[in-house]
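Quick notes on the structure that follows.
Okay, structure coming up:
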């Protein structure tokens, strides 16, 4: 029924001189996400994008709901510049929109059309009220707005507004390295960074045979789901060899610090890999106070090994809020599969919630930190994934 | 294949070469549907009848009391739900007696029947997962309708006194208008002990193909003709209407061959399995702080042991690097969800639960291989204990 989708991208248009770059990036990302769906031309006019649907509007709209940078989409009906035809179209759009109160908003960039905007509103409002007895006009707080735009090409009518992800287009913000366990939190942290335009690569710490081949498969699955939000749908997943570090940590004479020490190793490896890959930030799924390694004291001591910025997009989120996002982006079901990753196998009975930097440095004196880190990086494998 | 040692035969077995050969013509040449009226169908029907007859002979039962299903799980479901679906029981749910160490395909059906109004009592098991038959008398009620007991436990290898239980039920039934139906899950028993259904006095008995070097996707239920079992799937008239659906003839042929092999070679196989198991027990006993969870007089193919301080999952992955495949005895994580109900019900301590491993043997394994397994096990347990203090 709707030959066009109107795509809105609010925040982008505020970005001054960068605007064109952002818009072009968004168009490229849209084309790439829609590549396998039949559709027509994508055109950019006056701060919005129109997409020809070729009768496929629902599938296209659904796909665009997963593209960062788009605020909302509306399916648009098109009619000739003729009042009777516009009335007929308005009735069709109304039938497709739930709600009891409405108002009409008209815009008329094409001044050749005989009715002014207020005249058009009146004409359409009257027509609809006559034909739909259940409807009432409410200009202040309507259930929906019937939009009419009189343009050169014809009259555009729409009322549904389908909310999308918002954010900035994928690839507009540089690269980040996501520390990806198999849990619920880290994919969400990745998603939220990607929302602000970050291109993500993943880093997983693999401790086979302490963990299973299946725990790796689980991380690959999670990364594949995130790949859909990266530009071009591709995702680099680094699998770092963490077994020797785990072994070394089991022997430390400071068992309550083993998680803190482990996290410091992870950040060291991530920092070096980020440098090599020219990633500008590390991203973790820390949520303040959730577990022993995520208290402020722990984060402080763990963070001390790096000068690379560490993004923690979940820092203020409660577990349920994180789960809600995980559920929405389709990672939850995979994350709760019961294959242990290194974070769950090696948890000591009483991990320190308030580690002190001087104790941690003391504990690391027992370990060949540099050697272990270099070995882990040397044995890191790359898995190249496609959404 | 040659250099791997597969000790997870209670999960599934490789299909025996003879079984593969026996099945082969039934995919592309003898592909008929036994229900078809033409010659292709008649040939298939003849094969089906011949298979049923052969299995009947091996199990020493009337062939017409055997019903092919798609799995051991389905056989257990058909047995229990099939009794519960008898019209009288639909109106008057009764009482079931079972054990806490049954396979989920029995326990979960019974949970479901509880929702339908049945009540349940559990026979106690001792620290080796063994049942005392004399307990049965104390649990019997006037409305007891089903007793379901597994012959060989799939995690421990403990053997239930099915023959005695059968005798008690037989006596009890003499006085009863509504007879007690006795179901035995014999999936792990076939091929691992001498099995004569008539002596067991059971009414329903479940089997599976892929635990005896047969194909997956085939199970079997023996149904005493006194039991007016009702179907749980509805459709055509196959298997006397008790189990509709076109017969899986290649798998039925495979199952028949597999039953033949394990029956004909039973004595020889038992001797080999017993030797292997004893060697494994002796070997494990040399590992410090280890514990055999299976009873000494258990099924000859199964041995469950714990190595406190070593997580079962970690041991499985260390051993797989040496091409030794064993099963985790209990859980794959510290989450309660995965903990084995069987090992819990025999009262293992947390440390023993988390470190339990199941070895399930096959007659093709050699003593040399068991020696290698014991050596690797000892080395690995020590290695892991050194790492994870």
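Residue numbers (our numbering), protein chains in the order written: chain F, 1 to 387; chain L, 1001 to 1389. Glycine residues also receive a C-beta, built at the ideal position from the N, C-alpha and C atoms.
Residue i versus the options, residue with shortest Cα-Cα distance
i                      : options                        : result
residue 365 (chain F)  : F:100, F:333, F:251            : F:251
residue 66 (chain F)   : F:269, F:156, F:191, F:138     : F:191
residue 1127 (chain L) : L:1365, L:1294, L:1268, L:1093 : L:1294
residue 45 (chain F)   : F:71, F:9, F:60, F:56          : F:9
residue 1087 (chain L) : L:1201, L:1227, L:1204, L:1136 : L:1227
residue 1203 (chain L) : L:1316, L:1268, L:1104, L:1149 : L:1149
residue 1172 (chain L) : L:1157, L:1316, L:1144         : L:1144
residue 105 (chain F)  : F:25, F:144, F:337             : F:144
residue 59 (chain F)   : F:74, F:215, F:139             : F:74
residue 1314 (chain L) : L:1366, L:1296, L:1382         : L:1382
residue 337 (chain F)  : F:222, F:27, F:195             : F:222
residue 164 (chain F)  : F:318, F:61, F:233             : F:61
residue 361 (chain F)  : F:181, F:183, F:264            : F:264
residue 1372 (chain L) : L:1198, L:1323, L:1363         : L:1323
residue 304 (chain F)  : F:266, F:151, F:290            : F:266
residue 1347 (chain L) : L:1106, L:1184, L:1306         : L:1306
residue 1161 (chain L) : L:1117, L:1030, L:1182, L:1345 : L:1182
residue 1310 (chain L) : L:1012, L:1368, L:1379         : L:1379
residue 1153 (chain L) : L:1284, L:1342, L:1036, L:1386 : L:1342
Beta carbon proximity, residue i to chain L, threshold 7 angstroms
i                     : result
residue 210 (chain F) : yes
residue 372 (chain F) : no
residue 367 (chain F) : no
Partner residues on chain F for residue i, Cβ-Cβ distance less than 7 angstroms
i                      : result
residue 1387 (chain L) : 247, 250
Those residues which DSSP pairs with residue i across a bridge
i                      : result
residue 238 (chain F)  : F:203, F:382
residue 1068 (chain L) : L:1220
residue 75 (chain F)   : F:5
residue 1185 (chain L) : L:1150, L:1206
residue 125 (chain F)  : Partner(s): none; residue 125 (chain F) has no beta bridge.
residue 44 (chain F)   : F:49
residue 196 (chain F)  : F:168
residue 1095 (chain L) : L:1119, L:1144
residue 1360 (chain L) : L:1008, L:1302
residue 1323 (chain L) : Answer by DSSP bridge pairing: none, since residue 1323 (chain L) is not bridged.
residue 177 (chain F)  : F:201, F:282
residue 149 (chain F)  : F:107, F:156
residue 360 (chain F)  : According to DSSP, residue 360 (chain F) bridges with nothing at all.
residue 101 (chain F)  : F:136
residue 310 (chain F)  : F:282
Any C-beta of chain F under 7 angstroms from that of residue i
i                      : result
residue 1317 (chain L) : yes
residue 1015 (chain L) : no
residue 1332 (chain L) : Low confidence applies here, because residue 1332 (chain L) scores a pLDDT of 46, under 50, leaving its location unreliable; read the following figure in that light. It does; some Cβ of chain F falls within 7 angstroms.
Interface residues of chain F facing residue i [CB-CB closer than 9 angstroms]
i                      : result
residue 1321 (chain L) : 208, 209
Margin query: For the region 1002-1018 of chain L against the region 256-274 of chain F, do three or more pairs of beta-carbon atoms, one drawn from each stretch, fall closer than 8 angstroms, so that the two count as touching?
Written below: no
Check: Counting pairs of Cβ atoms below 8 angstroms between the region 359-376 of chain F and the region 1182-1199 of chain L, do you hit three or more?
Finding: no
Checklist line | Stretch-stretch touch, CB-based, cutoff 8 angstroms, three pairs: the region 1045-1060 of chain L with the region 1247-1263 of chain L | finding: yes
Margin query: Under 8 angstroms: do the region 14-24 of chain F and the region 91-104 of chain F share three or more Cβ pairs, one atom per stretch?
Written below: no
Note to self: Quick test of the definition: if touching needs 3 or more C-beta pairs under 8 angstroms, does the region 228-243 of chain F touch the region 198-209 of chain F?
What the structure shows: yes
Notebook entry, point to check: Can you find at least 3 beta carbon pairs, one from the region 1119-1136 of chain L and one from the region 1261-1272 of chain L, that sit closer than 8 angstroms?
Noted result: no
Notebook entry, point to check: Between the region 1216-1234 of chain L and the region 1067-1074 of chain L, are three or more C-beta pairs nearer than 8 angstroms?
Noted result: yes
Notebook entry, point to check: Are the region 195-205 of chain F and the region 176-184 of chain F touching by the rule of at least three beta carbon pairs closer than 8 angstroms?
Noted result: yes
Notebook entry, point to check: Okay, do the region 1238-1254 of chain L and the region 1207-1216 of chain L touch, 3+ Cβ pairs below 8 angstroms being the bar?
Noted result: yes
Note to self: Any contact between the region 165-173 of chain F and the region 122-140 of chain F? By contact I mean 3 or more CB pairs, one from each, below 8 angstroms.
What the structure shows: no
Notebook entry, point to check: Is the region 152-161 of chain F touching the region 74-84 of chain F, taking contact as three or more C-beta pairs under 8 angstroms?
Noted result: yes
Next item on the list: Report yes or no: do the region 99-118 of chain F and the region 26-42 of chain F share at least 3 C-beta pairs separated by less than 8 angstroms?
Entry: no
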